[in-house]
Amino acid sequence: MTRCTKCILTDEVPGTIINQEGVCNRCENRKVFKPIGEKHLIAYFEKTKRKNRAYDVLVPFSGGKDSTYILYLATKVYKLNVLTYTYDNGFFSELALQNIKRAVEKVSVDHIFIHPSLGLLKNIYRQALVKSGEICGVCGIGIMNSMLKMSETYKIPLILLGHSPLEDDSFTPENIYDTVRLKHILTNAKGITKADIRRFLIYQRQNYFSNYFFTKTGRFGKKVDPLFFIDNPTDEEMGKIIQQEMDWEDHSGSGYTKHFDCLAEPFTNYIREQRFGYSRRIVQLSTMVRNGEITREQALDIHDRDNLKNNPPNIDLIKKMLDLTEQDVNEIGKIKPMVYEDKVSKANKIFARLREFIK
Ligand SMILES: [Zn+2]
0 MTRCTKCILT DEVPGTIINQ EGVCNRCENR KVFKPIGEKH LIAYFEKTKR KNRAYDVLVP
60 FSGGKDSTYI LYLATKVYKL NVLTYTYDNG FFSELALQNI KRAVEKVSVD HIFIHPSLGL
120 LKNIYRQALV KSGEICGVCG IGIMNSMLKM SETYKIPLIL LGHSPLEDDS FTPENIYDTV
180 RLKHILTNAK GITKADIRRF LIYQRQNYFS NYFFTKTGRF GKKVDPLFFI DNPTDEEMGK
240 IIQQEMDWED HSGSGYTKHF DCLAEPFTNY IREQRFGYSR RIVQLSTMVR NGEITREQAL
300 DIHDRDNLKN NPPNIDLIKK MLDLTEQDVN EIGKIKPMVY EDKVSKANKI FARLREFIK
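Have a look at this one:
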C-alpha cells in the first residue's frame with residue numbers, strides 16, 4: 000500500500016494512481032474551483048419569483064451544515080419565499096432534531112416533516128443491507144423522490160440543494176441511488192410487499208432522463224446547487240455563520256462534523272470498509288486536506304481515531320434498530336462490491352456512458 004504524500008489517499012482506493020513523486024492523481028489534477036457567478040444564480044431567483052407561486056423555492060433540510068447554510072442563503076441573503084422539508088430517515092440524532100427546530104423558528108419558514116412509517120423504513124433498510132450491503136441508497140432515494148413529490152404537489156419551480164463543489168466525490172462505485180436497482184433488491188424481499196415498494200419509492204422508474212424530461216416540462220422543480228455559483232466559505236467559516244445566524248449547534252465530540260446528523264454513519268462507514276477495503280472517510284478527509292480545511296497530519300489523526308477495522312461505537316444501537324445479529328453484520332461485511340450493478344436502470348447506464356463521452 001502506498002499513501003499520497005499530499006493527502007491521505009492510498010492506492011487501494013479505486014481510481015487512485017500515485018506517481019513517482021508520491022503524489023496521487025487527484026492532488027495532481029486538482030482544479031481550483033471557479034464559481035459560475037452569482038448573477039446567474041440571481042437570474043434563476045428572478046425567474047422563479049416572476050411565476051408568483053406560493054413558494055419560490057423548496058429547500059430539503061437535514062439540519063446538517065450544508066443544508067442549514069442553504070436555508071440561511073435562501074431566507075436571509077436572497078429573501079426568497081421558502082418551503083423547507085425534512086425527510087425522517089429514522090436515524091436523526093437528538094442534536095440534529097434540535098438544530099432543525101431552532102433554524103426553522105429562527106427564519107420563520109413553513110416546514111414539513113415527512114415521517115415515513117418507521118416499521119416500513121426499518122424493514123427496507125434491513126433487507127437492503129442484508130441483500131446488497133448498503134443502506135445509504137435507501138435514505139438517498141427516499142429524500143430525492145419525496146423532494147420531487149413536494150415540488151410537484153406545491154408547484155415549486157426551484158429546488159435548492161446543498162451539494163458542494165469542494166466535495167465532489169460520490170464515495171462509492173456502486174449506483175446506490177438508482178431507483179430501479181433498489182426496486183429490484185426489494186422485490187420478493189422478506190416481509191416487503193409490492194404495495195410497500197410503491198409507497199416507499201413514490202416514482203417507480205425514476206431515472207436521469209425521466210427526471211430531465213419532467214423538469215423541463217415543469218412537473219418537477221429545477222434543481223440548483225447555489226454553492227457552485229458563489230464563493231464558498233470554508234467548513235469552519237460556514238459553521239460560524241450558521242451558529243450566529245441560525246442558532247445552529249456544533250457536535251463537539253467529533254473532529255469532523257459532516258454527516259454527524261446521521262446516527263448510522265459510523266456503521267455504514269464500517270460496513271463499507273469491510274466490503275471495499277477502504278472507507279468513504281479517507282476520501283472525504285483527503286478532499287478536506289486538498290481544500291486546505293485541515294492539515295494532512297490532522298486527517299491522518301482523525302482517520303486513525305476512526306479505527307474502522309473495529310466495531311463502530313454505536314453498533315449495538317444500530318443492531319437493535321434493524322434487528323441484526325452479530326452473524327448478520329459479519330455476513331453483510333462479506334457482500335461483494337458491485338453485487339447489484341447489473342440491475343441499474345438502462346436509462347441511467349446510457350446516461351453515464353454519455354457523460355463519460357462528453358467528458
Ligand atoms: Zn493526494
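At position 212 of the sequence shown (counting the first as 1) the number is 211 in numbering that gives the first Met the number 0, and the numbers step up by one without a gap.
Think of the CB as a built atom: it goes at the ideal place given N, C-alpha and C, for glycine as much as any other residue.
Beta-bridge partners of Ile111 (DSSP): Tyr84. Proximity of the beta carbon of Leu8 to ligand 1 is indicated: a heavy atom of the ligand is located closer than 6 Å. Closest in C-alpha terms to Gly118, from the list Met143, Phe199, Glu45 and Thr186, comes Phe199. For Asn290, same chain residues with a beta-carbon under 7 Å away, outside a window of 5 residues either side, are Leu165 in chain order. Annotation for Ile201: Asn144 and Lys148 place their beta carbon closer than 6 Å to its own, counting only its chain and skipping 5 residues before and after. Around Asp109, the same chain offers Tyr54, Val81, Leu82 and Thr83 as residues with beta carbons nearer than 8 Å, after the five sequence neighbours per side are excluded. Look at Lys30: its beta carbon is at least 6 Å from all of the heavy atoms in ligand 1. The nearest non-hydrogen atom of ligand 1 is 6 Å or more from the C-beta of Lys130.
Distances from the CA of Leu284 to each of Asn51, Cys6 and Arg2 were compared; the closest alpha carbon is that of Cys6. When beta bridges are read from the DSSP output, Cys23 appears opposite Ile17. DSSP, read as helix, strand or coil, puts Cys138 in helix. Pairing Pro311 with Tyr269, the inter-Cα distance amounts to about 7 Å. Inclusion of Tyr68 and Ile293 in the CB contact set at 7 Å is not warranted, their separation being larger than that value.
By the C-beta criterion, the stretch 88 to 100 is judged not to be in contact with the stretch 225 to 240, since fewer than 3 inter-stretch pairs fall below 8 Å. Annotation: Glu272 to Glu104 spans about 39 Å, alpha carbon to alpha carbon. Non-local C-beta neighbours of Arg295 in its own chain, meaning closer than 6 Å and more than five positions away in sequence, comprise Val288, ordered along the chain. For the pair His39 and Val58, the Cα-to-Cα distance works out to about 19 Å.
Counting of Cβ neighbours within 10 angstroms places Glu264 among the buried residues, the total reaching 16 or more.
Within its own chain, the residues whose Cβ lies closer than 6 Å to the Cβ of Cys261, once the five positions on either side in sequence are excluded, are Phe90, listed in chain order. Cβ-Cβ distances below 8 Å link Gly190 to Asn122 and Gln126 in the same chain, with the five nearest sequence neighbours on each side left out; the list follows chain order. Contact between the stretch 213 to 228 and the stretch 175 to 189 is not established, with fewer than three Cβ pairs separated by less than 8 Å.
Buried is the label assigned to Gly220, since at least 16 other Cβ atoms lie within 10 Å of its Cβ.
Taking 6 Å as the cut-off, one finds no heavy atom of ligand 1 near enough to the beta carbon of Lys48. Between Arg218 and Glu151, the CB-CB gap stays under 7 Å. Apart from sequence neighbours up to five positions away, the residues of its chain that approach Glu244 with a beta-carbon distance below 8 Å are Tyr71, Lys75 and Lys105, ordered along the chain. Judged by DSSP secondary structure, Leu70 falls within the alpha helix (DSSP H) whose first and last residues are Lys64 to Tyr71.
For Lys148, the shortest C-beta to heavy atom distance toward ligand 1 is 6 Å or greater.
For Leu200, the enclosing alpha helix (DSSP H) covers residues Lys193 to Leu200. Looking at the DSSP output, Cys261 bridges to Phe91.
Put simply, the backbone Cα of Leu120 is about 23 Å away from that of Met337. For Ser131 against Ile334, the beta-carbon gap comes to about 7 Å, under 8 Å, which counts as contact. Distances between the C-beta of Cys135 and the heavy atoms of ligand 1 are all 6 Å or more.
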